[in-house]
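First up is the structure itself, then whatever we jot down about it.
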Amino acid sequence: MAVATAARTITIAEALNESIRLEMRADPKIVIMGEDIAGGAQVEHLEDDEAWGGVMGVTKGLVHEFGRERVLDTPISEAAFIGAAVGAAATGLRPIAELMFCGFLGSCLDSLLNQGSKLRYMFGGKATVPVTIRTMIGGGFRAAAQHAQTLYPMFANIPGLKVVAPSNAADAKGLLTASIRDDDPVIFCEHITMYTLKGEVPGGEHIVPIGKAAVARPGSDVTLLGVSLTAVHALNAAETLAKEGIDAEVIDLRTVSPLDEETILESVKKTGRLVIVDEANPLCGLASHIAGVVASRGFHWLRAPVGMVTAPHSPVPFSPVLEDAYLPNPQKVVSAVKETCSKAS
Amino acid sequence: MNLSQYQLRSMYRTMVSIRTFEETVKQAFAKGHIPGFVHLYVGEEAIATGVCSALRPSDTITSTHRGHGHCIAKGCDMNSMMAEIYGKATGLCKGKGGSMHIADVGKGMLGANGIVGGGPPLACGAGLTSQVTGSGDVCACFFGDGACEQGTFHESANLAAIWNLPVIFVAENNGYAQSTPASYHCAIENIAERAASYGIPGAVVDGSDVFAVHEAAVEAVKRARAGQGPSLLECKTYRHHGHFEGDQQTYRMISTRAYPRARIPSGISGPWSPSTAGSPRRSWMPSTGRPGRPLKKHWPTPNPVPCPRWKRSPATSTSVTRS
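Protein chains in written order, with this note's numbering: chain A, 397 to 741; chain B, 7 to 329.
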């Protein structure tokens, strides 16, 4: 399959596929493994190019181009294959492994918590673990408590893991390329509702550095901070707020760990107000950590308490009515901003 | 089995080195010189030696919390190992890992592992690397009888079988998962019988007989290198000391504690004795951190961790004015 050299509008799923395809062409040491990522390629009546390509179709066509030696369907054995990806990374490959839903972390936590994240440190820096774990996060699909979680704070709490979560197609391609090339384990979080979201994506090689947040919309009155889908919510809320005379600056965090504290603080210094939007559970979470950073390093710039729009501290509900009430959305962000702007000085 | 004089001498030296090293650790730990806790390989020397002598330098191994013997058998430098166990910056891992995480990736030693059952998935990864790069290397995965009840062992054995990976699973059955006897924690007598579940060869050998272990390992390595997939080798062995140093071993009958000692070291005895092989002690005794040595040198220097940086921002509240 040809990859365009000029920018064009494609979906996030297509952008991810393009990144993997380009990297696998350039580096024979990249292999990709996961449940159904070829998807039926070994079934007799299917040709490789008819293979499913993963539950979201992100890896479609890869087995046809790169063969079964490098595009590996796995059994439903997360502990074994995520661990194998870590072991392969420590011995010279550059694997990409797909953990279908981040809730399946429960089945393979040891491979990430005690092995992948710690080998480089425990071995005195003598090993590198260049593995990328792609995983799905987020609610909105009525997938219920085990298949709709947003666990990047749990990943980020483990030193030695980098944690990335793009919000648009261009960043999806650029950050995945950077993740694959990184010599440390990277957890690459893809939001379940965003695979079909379209955006302009540069053709050819495109890299977005890990650890650098983006100012997605400049503004002066309040800083809205989101990541993955909540960055999109923040942008939508900013449009609504603009009509009401509130000029919001939107920061798309893009990387959860390492955290780009400087970009956050620069913005808070300018606006004096901060509202953090986060789909994860709040206790010991991303929003509270960022609030802590700002309280510690930028308290004197704040004109109002930090606002937070997060999920409640509850499992994700199944019923559409309940799930809609559970998830952050642009309306909740608008309300939180108005409350923040109405407070003090 | 055809072993040269050089190979025989080398295997003997490895076993005596492991024994000497571990007894040195034991003494130092008893004197309070070693931080943390240590798990000794005394009594199991023939397994690491028999398996690793069937490997080539570029082959890899994964190890366990009881990993000193595997490290030595795979060629790790004993002085650096001892320094690591003492927590010194001169250690094999700069004092960051300690006894349970000694590793030397350059020597194919992919790490001791504090997690029971942590090694098998990593071994599959090493096998995959060999398969994809076509290096022809194999990975020997050491684990104990306790790890045989971990899901990772079963998942990895199956994964290695369906992907035909060059992995040799080496179960060191010393009869105890910490204090729990294998007769209780394992539903069958021989772990090797589980190989049938994954369609791979399984064999039981006497883990105190270095020749038996070596012969079985050579066969398994040959198969793996020829692209014929993984094997499961169960080595019945005996742990001379406690699970960790300081373990009172109240769970062991006096008779079972005494019995194997009488026949140990069967692997180390045999046709050679220290007098015919030459004394190992002068050249192999680890010098760094020998018991009784001063301990104040070579400690790592704590460096500030870069993130999060809880420093004061250069701006002060007085410099910020708000309308």
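We treat Cβ as the ideally placed atom computed from N, Cα and C, and that holds for glycine.
1) Buried or exposed: where does A/A437 fall if 16 or more other Cβ atoms within 10 Å of its Cβ makes it buried?
2) Indicate whether at least one CB of chain B lies closer than 8 Å to the CB of A/K522.
3) Give the residues from the stretch 488-517 of chain A that approach chain B closer than 7 Å (Cβ to any Cβ), ordered along the chain.
4) Looking only at C-alpha atoms, which of A/I606, A/S616 and A/V427 sits nearest to A/R464?
5) Quick one: which residues of the stretch 28-54 of chain B get their C-beta closer than 7 Å to a C-beta of chain A? List them in chain order.
6) Using a Cβ cut-off of 8 Å (strictly closer), state whether B/P207 contacts chain A.
7) Less than 8 Å between the CB atoms is what I'm expecting for A/T407 and A/K558, so what's the real figure, rounded?
8) 8 Å is my cut-off, CB to CB: does B/I91 come that close to chain A?
9) Does the Cβ of B/K242 have 16 or more other Cβ atoms within 10 Å, making it buried, or fewer, making it exposed?
10) Put A/T407 into one of helix, strand or coil per three-state DSSP.
11) With 16 other CB atoms within 10 Å as the buried threshold, where does A/N677 fall?
12) Which parts of the stretch 50-114 of chain B are runs of the alpha helix (DSSP H), unbroken and 4 residues or longer, counting only runs that do not cross its ends?
13) One question on the structure: do A/R490 and A/P549 come within less than 8 Å of each other, judged by their Cβ atoms?
14) How about B/R206 and B/G233: are their beta carbons less than 8 Å apart?
15) Note down, one range per segment and in chain order, each alpha helix (DSSP H) of at least 4 residues found wholly within the stretch 490-560 of chain A.
16) Determine, using beta carbons only, whether B/F149 and B/P127 come nearer to each other than 8 Å.
17) Let me check one thing: in DSSP terms, what residues is A/K608 bridge-paired to?
18) Using the three-state DSSP reduction, which class does B/F250 fall into: helix, strand or coil?
19) Based on Cα-Cα distance, which residue from B/N180, B/I168 and B/I194 lies nearest to A/G469?
20) I want to verify the contact list: residues of chain A whose CB lies under 8 Å from the CB of B/K100, in sequence order.
21) Does any CB atom of chain B fall closer than 8 Å to the CB of A/A486?
22) Pull up the distance between the alpha-carbon of A/P598 and that of A/A566, whole angstroms please.
23) At the 8 Å Cβ level, is A/P605 part of the contact set with chain B, yes or no?
24) Please return the same chain residues whose Cβ sits closer than 6 Å to the Cβ of A/L458, not counting the five positions on each side in sequence.
25) Just list the residues that DSSP pairs B/Y182 with in beta bridges.
26) Under 8 Å, CB to CB, which of the residues in the stretch 171-195 of chain B have a partner in chain A?
27) Helix, strand or coil for A/V646, going by three-state DSSP, please let me know.
28) The beta strand (DSSP E) with B/C147 in it runs from where to where?
29) Any C-beta of chain A within less than 7 Å: which residues of the stretch 130-156 of chain B qualify?
30) Could you say if the stretch 181-190 of chain B and the stretch 708-720 of chain A meet the contact criterion of at least three C-beta pairs nearer than 8 Å?
31) Is B/R258 helix, strand or coil by DSSP?
32) For A/E586 versus A/I529, is the C-beta distance shorter than 8 Å?
33) Whole angstroms are fine: how far does the CA of A/P701 sit from the CA of A/A634?
34) Under 8 Å Cβ to Cβ from B/S64, same chain only, skipping five residues before and after it: list those, please.
35) Does the beta carbon of B/E161 come closer than 8 Å to any beta carbon on chain A?
For this structure:
1) Counted from its first residue, the first sequence places residue 437 of chain A at position 41. Label assigned to A/A437: buried.
2) As a working note, residue 522 of chain A is residue 126 in the first sequence. Answer yes: the Cβ-Cβ gap between A/K522 and chain B drops below 8 Å somewhere.
3) G488, L489, D506, S507, N510, Q511, L515 and Y517
4) As a first step, residue 464 of chain A must be located in the first sequence, where it is residue number 68. Ranking the options by Cα distance to A/R464, first place goes to A/V427.
5) none
6) For the purposes of this step, residue 207 of chain B is taken as residue 201 along the second sequence, with counting starting at 1. At a cut-off of 8 Å between beta-carbon atoms, B/P207 makes no contact with chain A.
7) Working through the first sequence from its first residue, we reach residue 407 of chain A at position 11. Working through the first sequence from its first residue, we reach residue 558 of chain A at position 162. Contact flag wrong, Cβ pair sits at about 25 Å.
8) Working through the second sequence from its first residue, we reach residue 91 of chain B at position 85. Not an interface residue.
9) For the purposes of this step, residue 242 of chain B is taken as the residue at position 236 of the second sequence. With 16 or more Cβ atoms within 10 Å of its Cβ, B/K242 is classed as buried.
10) Looking up residue 407 of chain A in the first sequence gives position 11. If DSSP states are grouped into helix, strand and coil, A/T407 belongs with the strands.
11) For this step, residue 677 of chain A is matched to residue 281 along the first sequence. Counting Cβ neighbours within 10 Å, A/N677 comes out buried, since at least 16 surround it.
12) 51-58, 74-79 and 84-91
13) Numbered from 1 along the first sequence, position 94 holds the residue referred to as residue 490 of chain A. Numbered from 1 along the first sequence, position 153 holds the residue referred to as residue 549 of chain A. In this structure, A/P549 does not lie closer than 8 Å to A/R490 by Cβ.
14) Within the second sequence, residue 206 of chain B is the residue found at index 200, counting from 1. Within the second sequence, residue 233 of chain B is the residue found at index 227, counting from 1. The amino acid occupying residue 206 of chain B in the given sequence is Ile; Arg does not appear at that position. Result no, Cβ atoms of B/I206 and B/G233 do not sit closer than 8 Å.
15) 501-506, 515-518 and 548-552
16) Walking along the second sequence from the start, residue 149 of chain B turns up at place 143. Walking along the second sequence from the start, residue 127 of chain B turns up at place 121. Contact: no.
17) Your numbering for residue 608 of chain A matches position 212 in the first sequence. DSSP, once it has assigned bridges, lists no residue as partnering A/K608.
18) Looking up residue 250 of chain B in the second sequence gives position 244. Residue state, collapsed to three classes: coil.
19) Translated into the one-based positions of the first sequence, residue 469 of chain A becomes position 73. The residue you asked about is not Gly; residue 469 of chain A is Asp in the sequence shown. A/D469 has its Cα closest to that of B/I168, out of B/N180, B/I168 and B/I194.
20) Mapped onto the second sequence, residue 100 of chain B falls at position 94. In chain order: G520 and G521.
21) Position 90 of the first sequence, counting from 1, holds the residue named residue 486 of chain A. Yes, because at least one Cβ of chain B sits closer than 8 Å to the Cβ of A/A486.
22) Within the first sequence, the letter at position 202 stands for residue 598 of chain A. Within the first sequence, the letter at position 170 stands for residue 566 of chain A. So the two alpha carbons sit approximately 7 Å from each other.
23) As a working note, residue 605 of chain A is residue 209 in the first sequence. No, A/P605 lies away from the interface with chain B (no Cβ there is under 8 Å from its Cβ).
24) Stepping through the first sequence from its first residue, residue 458 of chain A is reached at position 62. Cβ within range, chain order: V467.
25) The residue labelled residue 182 of chain B in the question sits at position 176 within the second sequence. For B/Y182, which the question treats as bridged, DSSP gives the partners B/P187.
26) none
27) Translated into the one-based positions of the first sequence, residue 646 of chain A becomes position 250. Correct three-state label for A/V646: strand.
28) Your numbering for residue 147 of chain B matches position 141 in the second sequence. Residues C145 to G150.
29) Here the close residues are C130, G131, A132, L134, T135, V138 and T139.
30) no
31) Reading the second sequence from its first residue, position 252 is the one you call residue 258 of chain B. Note: B/R258 maps to coil in three-state DSSP.
32) Locating residue 586 of chain A in the first sequence gives position 190, where the first residue counts as 1. Locating residue 529 of chain A in the first sequence gives position 133, where the first residue counts as 1. No. Outside cutoff.
33) Along the first sequence, read from residue 1 onward, the residue named residue 634 of chain A stands at position 238. Along the first sequence, read from residue 1 onward, the residue named residue 701 of chain A stands at position 305. Going from the Cα of A/A634 to the Cα of A/P701 covers about 19 Å.
34) Within the second sequence, numbered from 1, the residue matching residue 64 of chain B stands at position 58. Cβ within range, chain order: G114, S141 and D143.
35) The sequence position of residue 161 of chain B within the second sequence is 155, counting from 1. B/E161 counts as touching chain A.
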